[in-house]
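Take a look at the structure below.
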Amino acid sequence: MSSTRLLLALTLALFAGAAQAQAPLQFTIDQGWTFRMVPGDAQAGAYPEAAPSRAATVPGTVHTDLMAHGLIPDPYVGAAEAGLQWIGLADWEYRVEFDAPGAAMRNARSDLVFEGLDTFAEVWLNGHKVLDADNAHRTWRVPVEKRLRASGNVLRIVLRSPIARMLPQVAAMPHKIAGNYPSPYGDEPKDAMTANFVRKPGYHYGWDWGPRYVGAGITRPVVLESWDAVRIDDLQLRQDRVDATRADVSAIASLDAVREATVELRLWQTAPDGARTLAARQRARLAAGANRIALPVTVDGPQRWFPNGYGKQPLYRYELEVMDTADGKARLASVFARTGLRSVELRRDRDPRGTAFYFVVNGIPVFAKGANTIPFDMFQPRVKKAQLRRALELAQGANMNMLRSWGGGYYEGRDFYDLADELGLLVWQDFMFGGGMQPAYDPAFRANVVHEARDQVRRLRNHPSVVLWCGNNEQEIAWKYWGHGKTLKAADPAFADQVWKGYVQLFGTDLRQVVREEGGGIGYWSSSPSEDLQEVANSEASGDMHYWEVWGNPAHPVSKYLEITPRFMSEYGLQAWPVQRTIDAFARRDQQQLGSPVIDAHQKFMAGKGNERLMKYIEDEFGTPRDFAGFVYLSQAMQAEGIELAALHHRRSRPYTMGSLYWQLNDVWPGASWSGIDWYGRPKALHFHARRFFAPVALAALRDAGGETGVSLLNDRTRRVRGELRTRVMTLDGTVLRDDSKAVEMAPLSATRVAGYRDAGLLGKADPASTVAVFELRAEDEPPARAVVYFAPAKRIAWRDAGLNATLRRDPAHPGAYLLDVSASSVARAVWIDFGNLDADLSDNALTLLPGERITLNVTSDASEDALRAALQLRTLADAVPATLPQTRSPSAP
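Under mature numbering (1 follows the signal peptide of the UniProt record, and there is no 0), residues -21 to -1, 1 to 873 are what the sequence shown spells out, in order.
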């Protein structure tokens, strides 16, 4: 036998859809691989170290294999990016030798299944080419029973450079279509970008939150599947009707039979409480080849699946057995699938102002609260379930109920959707088109995408979390409003017409049809933002909206958020740097200053110039920070307060507005970005604010640029909520100038404006620079909600020493955990607590404390009590922006 030790499992198999089938044989080829640069490659002279064959990890990527052998530095540390672009220009070869299991040699059918080949892949088995793959988002299945040997099989995969492959064709086009993101590295002309011609994760080519690493690899498992009777290709659990009294489910089995046969299908149901019953039983005559058989299932009194905040997430498990009727005890194949029973609909009601856009789950109109997700790493195979769990549990804990899986990356693996199912996080799923314009005028390109779409919709359709398929990200508005269409129409009207018609065909017709045929009733939306191919897109009146005139161009002040009231805000955002410990992981302290090569390398917006934009927003509210650490801290405070303003405005505009998804939840690497959680899973201030501004029962007290404060009560509960609203006006040192309370009542699923004040009505003759208004809502069975209104920018407020005091002690109720008591003697804004080089999770952070207030936080950490106490640090605005600080000073490292 070869050196390859291959995982042989006569167990639950077939990674098809959300189901996992038990085929007679599944043989995972994940050991013994080697890789090298293809001999004779143009890059070999400059990088001879990549020529010898070395051990490879599969699933994996070229970058991570090179790094594992010490041939390249860590791509995330320092400013390594420019020096690693050669990897994407080279061709690479992966090779493995294996012996076939005896059963595979006896069985009638054997397929090699490639779940992820990135991207232009030539596959050779025993010297014969068996596949030319050209889509990283497809599953490729190749019959190989006639090519297999009992021993010494050689599988070789050559991965061609997508840049070298596509650039000659793109450069030769007389008129180019718009690309995704311009490269700063010169390996592609800015007017001949290739990414949108390749069915590969677009973010590999660089984005304004991540580096450019155009890699290659075998990114998902390679499996030899072998059977002699029948293979279960898929089990769809189509929910035809779900309500409180009954669920009607069609369990649709797709079977691949070697020959005609009569079989018995048995469908077992395991309820959320563990009770197992035979849900359906049917004899069927299979034809040789593909078969599709539906088994009706009725569930009386179903335990329905609800989004986070609306109920529980019970999951039903179904197992299909295919039994040989000649011997009723012989199981030919089996498969299991899991789902949650729920009804879901995208509502598009017309009203005098336009058309609504909202989701109804189990009859409940849900205000979507959440964020956009991007890929969790530049090198997808190394993303582990623990990393996903950390981010998604943080999202759930921040009262989110929806994530938009953005279209410039890859379709997430099963772990992501399983976790979303378990945590009650609805998923808006983009198809993988992230920007620019696609060559959809090419029928072969469209056909390739349709194959991809069928693969992915079938794979994900049993997940109750998936509630929408969207054609692409921002391509329609780019064509209509960013000059893409206008420029091409001026240069070549006939070609421009061809490009747009191809777009409409792919995103208006082809993908819509795939979702209609395969999606089990889930809605389709052609682009985000859009009005589903109506004349106007990105409108406040209809459809979903992306709003980037705050932060982007023309960089309006944050208060502008209050003037934009969409139907559903699916993107908006402000940048911030991650916490100090994360920055220390890629930059030495002496490199931590604005303008340094390493800091610029980890600021991708405007090719490193994004810090200028970030400084603008910091200075608008807070003034100039005293040092780089202050710059980082204030970036987080600015981001958190700005996104809170927008999100609460969206929520108070219910039911006109029914969604608020900020950009973005997570990071692809450590650096400056719009995320609330960094690449290490460490929350920024935004995440702690999100927990409060997305709370089911919350308070919005928002002061606009004209000096008017509107107070609204927000109730996402399906029940009426009663409570008390308290209004106080006080000086920074705690002198109370006004204190009113009144009983309030909130209707279910509502936003109610209860008060409006001009500044003078709250302040009277008090000094705006030393006075605040505090609104507090205490509702029955809900955490208290608070809003503090300031009457001047933070840089003009007369901050005094907050008198912060913090004491760490053991939690007597939870061994190994701690309690942190924090108090303040005057108003302490944007209190940030951390433990330096120690990781610790706090139950809350990024707080505002009032004079005399004392709070207790939970702290969990693997560090000792003494180490935590020694490392404890607290910071407020007064520490970051001294009142006497000159406004021209440039931040540098401490």
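No residue lacks a Cβ here, since even glycine has one placed at the ideal position from N, Cα and C. Just so you know, these numbers come straight off a predicted model, no measurement behind them.
Measuring only the C-alpha atoms, how far is glycine 288 from aspartate 227? Taking the sequence shown and counting its residues from 1, the one referred to as residue 288 is at position 309. Taking the sequence shown and counting its residues from 1, the one referred to as residue 227 is at position 248. About 25 Å.
Per DSSP, the bridge partner or partners of histidine 107: In the sequence shown, residue 107 corresponds to position 128, counting from 1. Bridge partners of histidine 107: Leu104.
Through-space distance from lysine 583 to glutamine 554, alpha-carbon basis: Looking up residue 554 in the sequence shown gives position 575. Looking up residue 583 in the sequence shown gives position 604. Their Cα atoms are separated by approximately 11 Å.
Enclosing beta strand (DSSP E) for proline 772 [first to last residue]: Taking the sequence shown and counting its residues from 1, the one referred to as residue 772 is at position 793. Where proline 772 is concerned, there is no enclosing beta strand (DSSP E), given that its DSSP letter is neither H nor E.
Can the beta-carbon of glutamate 542 be found closer than 8 Å to that of leucine 640? On the sequence shown, position 563 is the one that residue 542 refers to. On the sequence shown, position 661 is the one that residue 640 refers to. It is not a contact, given that the beta carbons lie outside the stated cut-off.
Looking at C-beta atoms only, is the number of pairs between the stretch 662 to 681 and the stretch 817 to 831 that lie closer than 8 Å three or more? yes
What residues in its chain sit with their C-beta under 6 Å from that of alanine 859, if we drop five residues either side in the sequence? Reading the sequence shown from its first residue, position 880 is the one you call residue 859. Counting only Cβ-Cβ distances below 6 Å, and skipping sequence neighbours, we find Pro604, Gly609, Tyr612 and Leu613.
Okay, do the stretch 316 to 328 and the stretch 435 to 447 touch, 3+ Cβ pairs below 8 Å being the bar? yes
Specify, as a first and last residue, the run of the alpha helix (DSSP H) that asparagine 427 falls within. Stepping through the sequence shown from its first residue, residue 427 is reached at position 448. Its alpha helix (DSSP H) spans residues 422 to 439.
Skipping 5 residues on each side, what residues in its chain have a beta carbon closer than 8 Å to that of asparagine 452? As a first step, residue 452 must be located in the sequence shown, where it is residue number 473. Once the five neighbours on either side are set aside, the close Cβ partners of asparagine 452 are Trp385, Gly386, Gly387, Asp409, Phe412, Gly413, Gly414, Ser506 and Ser507.
Whole-Å CB distance - aspartate 712 paired with serine 805, under 8 Å assumed: Locating residue 712 in the sequence shown gives position 733, counting from the first residue. Locating residue 805 in the sequence shown gives position 826, counting from the first residue. Yes, aspartate 712 and serine 805 are in contact; Cβ-Cβ is about 5 Å, under 8 Å.
Just to check my reading of the structure: tyrosine 164 and alanine 61 have Cβ atoms closer than 8 Å, yes? What is that Cβ distance to the nearest angstrom? Indexing the sequence shown from 1 puts residue 164 at position 185. Indexing the sequence shown from 1 puts residue 61 at position 82. At roughly 6 Å, the Cβ-Cβ gap stays under 8 Å, so tyrosine 164 and alanine 61 are in contact.
Tell me where the alpha helix (DSSP H) around lysine 348 begins and ends. On the sequence shown, residue 348 is found 369 positions in, with the first residue counted as 1. It is not in any alpha helix (DSSP H) - lysine 348 instead sits in the beta strand (DSSP E) that spans 347 to 352.
Sequence-distant residues of its chain with Cβ nearer than 6 Å to valine 201 (five each side left out): Residue numbering aside, residue 201 sits at position 222 when the sequence shown is read from its first letter. Cβ neighbours of valine 201 beyond the five flanking positions: Ile8 and Phe93.
Tell me whether glutamate 514 is buried or exposed, calling it buried when 16 or more other Cβ atoms sit within 10 Å of its Cβ. Along the sequence shown, read from residue 1 onward, the residue named residue 514 stands at position 535. Exposed, because fewer than 16 other Cβ atoms sit within 10 Å of the Cβ of glutamate 514.
Counting only runs of 3+ residues fully inside the stretch 96 to 165, write out the beta strand (DSSP E) ranges in chain order. 99 to 104, 107 to 113, 119 to 122 and 132 to 139
Nearest to aspartate 818 (by Cα), restricted to the options Glu703, Gly660 and Asp70: Along the sequence shown, read from residue 1 onward, the residue named residue 818 stands at position 839. Considering only alpha carbons, the answer is Gly660.
Can you name the residues that DSSP bridges to lysine 459? In the sequence shown, residue 459 corresponds to position 480, counting from 1. None, per the DSSP bridge assignment.
When burial is assigned at 16 or more other CB atoms within 10 Å of the CB, is aspartate 222 buried or exposed? In the sequence shown, residue 222 corresponds to position 243, counting from 1. That one is exposed.
With leucine 681 and histidine 628 assumed to form a contact (beta carbons below 8 Å), what rounded beta-carbon distance in angstroms separates them? Within the sequence shown, numbered from 1, the residue matching residue 681 stands at position 702. Within the sequence shown, numbered from 1, the residue matching residue 628 stands at position 649. Contact holds; Cβ gap of about 6 Å.
If I measure Cβ to Cβ from methionine 381 and keep anything under 6 Å in the same chain, skipping five residues before and after, which residues do I get? Within the sequence shown, numbered from 1, the residue matching residue 381 stands at position 402. The answer, listed in chain order, is Ala347, Gly349 and Leu405.
Going by beta carbon distance, what residues of the same chain come within less than 8 Å of threonine 561, once the five residues before and after it are set aside? Counting from one through the sequence shown, the residue named residue 561 turns up at place 582. Excluding positions up to five away in sequence, the list reads Pro649, Asp657, Trp658, Tyr659 and Arg661.
Using a threshold of 8 Å, state whether the C-beta atoms of valine 715 and leucine 741 are closer than that. Against the sequence shown, residue 715 aligns to sequence position 736. Against the sequence shown, residue 741 aligns to sequence position 762. No, Cβ-Cβ distance for valine 715 and leucine 741 is not below 8 Å.
Quick one: measure Cβ to Cβ for aspartate 695 and leucine 644, integer angstroms, because I've assumed they're closer than 8 Å. Residue numbering aside, residue 695 sits at position 716 when the sequence shown is read from its first letter. Residue numbering aside, residue 644 sits at position 665 when the sequence shown is read from its first letter. So it is not a contact: roughly 19 Å between Cβ atoms.
Using a Cβ-Cβ cutoff of less than 6 Å, which residues in the same chain neighbour threonine 839 once the five nearest sequence positions on both sides are dropped? In the sequence shown, the residue the question calls residue 839 occupies position 860. Cβ within range, chain order: Ala796 and Asp820.
Which residue or residues does DSSP assign as beta-bridge partners of tryptophan 206? Here residue 206 refers to the residue found at position 227 of the sequence shown. DSSP output for tryptophan 206 lists Arg88 as bridge partner(s).
So if DSSP puts tyrosine 295 in a beta bridge, which residue, or which two residues, is it bridged to? Taking the sequence shown and counting its residues from 1, one reaches residue 295 at position 316. Per DSSP, Thr318.
Could you tell me whether the Cβ atoms of residue 901 and glycine 268 are closer together than 8 Å? Nothing can be reported for residue 901, as the shown portion of the chain is limited to -21 through 873.
With distances taken between CB atoms, is the gap from serine 233 to aspartate 213 smaller than 8 Å? Reading the sequence shown from its first residue, position 254 is the one you call residue 233. Reading the sequence shown from its first residue, position 234 is the one you call residue 213. Against a cut-off of 8 Å, the Cβ pair of aspartate 213 and serine 233 comes out as a contact.
Keeping to the same chain, check which residues put their C-beta closer than 7 Å to that of lysine 465; ignore five residues upstream and five downstream. Here the question's residue 465 lines up with position 486 in the sequence shown. No residues qualify anywhere along the chain.
Mind checking which residues open and close the beta strand (DSSP E) that includes methionine 709? Sequence index remark: in the sequence shown, residue 709 carries index 730 (1-based). Its beta strand (DSSP E) spans residues 700 to 710.
Given 8 Å, three or more beta-carbon pairs between the stretch 64 to 75 and the stretch 135 to 151: yes
Can you grab the Cα-Cα spacing for the pair methionine 379 / glutamine 5, in whole Å? Along the sequence shown, one-based indexing puts residue 379 at 400. Along the sequence shown, one-based indexing puts residue 5 at 26. Each residue's Cα considered, the two are about 39 Å apart.
Contact set for serine 324: own chain, Cβ-Cβ below 6 Å, skip 5 residues either direction: Mapped onto the sequence shown, residue 324 falls at position 345. Note on residue identity: the sequence assigns glutamate, not serine, to residue 324. Cβ neighbours of glutamate 324 beyond the five flanking positions: Val339.
Do you know how far the Cα of glutamate 239 is from the Cα of glutamate 124? Start at 1 with the first residue of the sequence shown, and residue 124 comes out as number 145. Start at 1 with the first residue of the sequence shown, and residue 239 comes out as number 260. Cα to Cα, the separation comes out at about 19 Å.
Determine the burial state of histidine 793: buried for a count of at least 16 other Cβ atoms within 10 Å of its Cβ, exposed for fewer. Numbered from 1 along the sequence shown, position 814 holds the residue referred to as residue 793. Exposed.
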